[in-house]
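Each remark here refers to the structure printed beneath this line.
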Amino acid sequence: MSHILLITSSPRLESYSTNVARSLADKLAARGSDSTITVRDLTREPLPHIDDSFAVARNAAPENLTAARKAALTLSDKLLKELFAADVIIIAAGMINFGIPSNLKAYIDYIVRPGVTFKYTERGPEGLVKGKKVYLVLARGGIYSEGPMQRFNFQDTYLLASLPFIGLNDIDVITVEGVALGAEAADRAVQAALAKVSAIAA
Numbered sequence: 094m095s096h097i098l099l100i101t102s103s104p105r106l107e108s109y110s111t112n113v114a115r116s117l118a119d120k121l122a123a124r125g126s127d128s129t130i131t132v133r134d135l136t137r138e139p140l141p142h143i144d145d146s147f148a149v150a151r152n153a154a155p156e157n158l159t160a161a162r163k164a165a166l167t168l169s170d171k172l173l174k175e176l177f178a179a180d181v182i183i184i185a186a187g188m189i190n191f192g193i194p195s196n197l198k199a200y201i202d203y204i205v206r207p208g209v210t211f212k213y214t215e216r217g218p219e220g221l222v223k224g225k226k227v228y229l230v231l232a233r234g235g236i237y238s239e240g241p242m243q244r245f246n247f248q249d250t251y252l253l254a255s256l257p258f259i260g261l262n263d264i265d266v267i268t269v270e271g272v273a274l275g276a277e278a279a280d281r282a283v284q285a286a287l288a289k290v291s292a293i294a295a
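Under the working numbering, the sequence shown is numbered contiguously, ending at residue 295.
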């Protein structure tokens, strides 16, 4: 049995990243009759940005977790339950102003929790979310994987730094790049991404 967590974040309801990620989730689920998919749609169900009560509660020692502080962690606990239950995690994100959508940043703020998803040791930080496969499906209008715009790419660079920090090290990236460069370029980008999806699911 495989449990897939699909996280979508594009502000566009008809999104290149979302469509390719859904295709990947469906193909991976089809490999096992008992596979399941949980969808966390951050566009249709946006998360509130973290506030002072959460910032205080996330750093409180267990013995100092008052009822109010536990309540401040309720949403984070729910998201983490989904995360830990998954065998495969698929994150879909379009590039917004060179980075990830703010709703996905909010999601990451909720799941990066000291003592829960990472801890500090004598050897440095250690991620605690282990044994999971991650796929990033990243769409962007221009070409940011190489060339003069590469230095503006804070999309996959941020995700490839923050996810391993909590132990998610087994990451494959599927890029849908150059979709704003005309219909033909967009179609080529989508077809290349779908071909990679088929290869992964084969």
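By construction, the Cβ of each residue, glycine as well, lies at the ideal position given by its N, Cα and C atoms.
All values derive from a computational prediction rather than experimental measurement.
Distance, residue j Cα to residue i Cα
{"i": "S110", "j": "D145", "result": "32 Å"}
{"i": "R151", "j": "A279", "result": "42 Å"}
{"i": "V283", "j": "Y213", "result": "41 Å"}
{"i": "Q248", "j": "D127", "result": "33 Å"}
{"i": "L172", "j": "L135", "result": "12 Å"}
{"i": "P241", "j": "L166", "result": "42 Å"}
{"i": "S116", "j": "V290", "result": "7 Å"}
Whole-number beta carbon distance between residue j and residue i, since they are thought to touch under 8 Å
{"i": "L140", "j": "Y200", "result": "6 Å"}
{"i": "G187", "j": "S103", "result": "4 Å"}
{"i": "I100", "j": "A185", "result": "7 Å"}
{"i": "V113", "j": "L256", "result": "No, V113 and L256 are not in contact; Cβ-Cβ is about 19 Å, not under 8 Å."}
Start-to-end residues for the beta strand (DSSP E) that takes in residue i
{"i": "I236", "result": "Per DSSP, I236 belongs to no beta strand (DSSP E) and is neither H nor E."}
{"i": "A185", "result": "181 to 187"}
{"i": "I97", "result": "96 to 101"}
Simplified DSSP assignment, three categories, for residue i
{"i": "A295", "result": "coil"}
{"i": "I130", "result": "strand"}
{"i": "K223", "result": "coil"}
{"i": "V269", "result": "strand"}
{"i": "I143", "result": "coil"}
{"i": "I264", "result": "strand"}
{"i": "P218", "result": "strand"}
Span of the alpha helix (DSSP H), counted from its first residue to its last, around residue i
{"i": "T250", "result": "249 to 258"}
Could you tell me whether the region 147 to 165 touches the region 211 to 225, using the rule of 3 or more Cβ pairs below 8 Å? no
With three or more beta-carbon pairs closer than 8 Å as the criterion, would you say the region 118 to 126 touches the region 202 to 209? no
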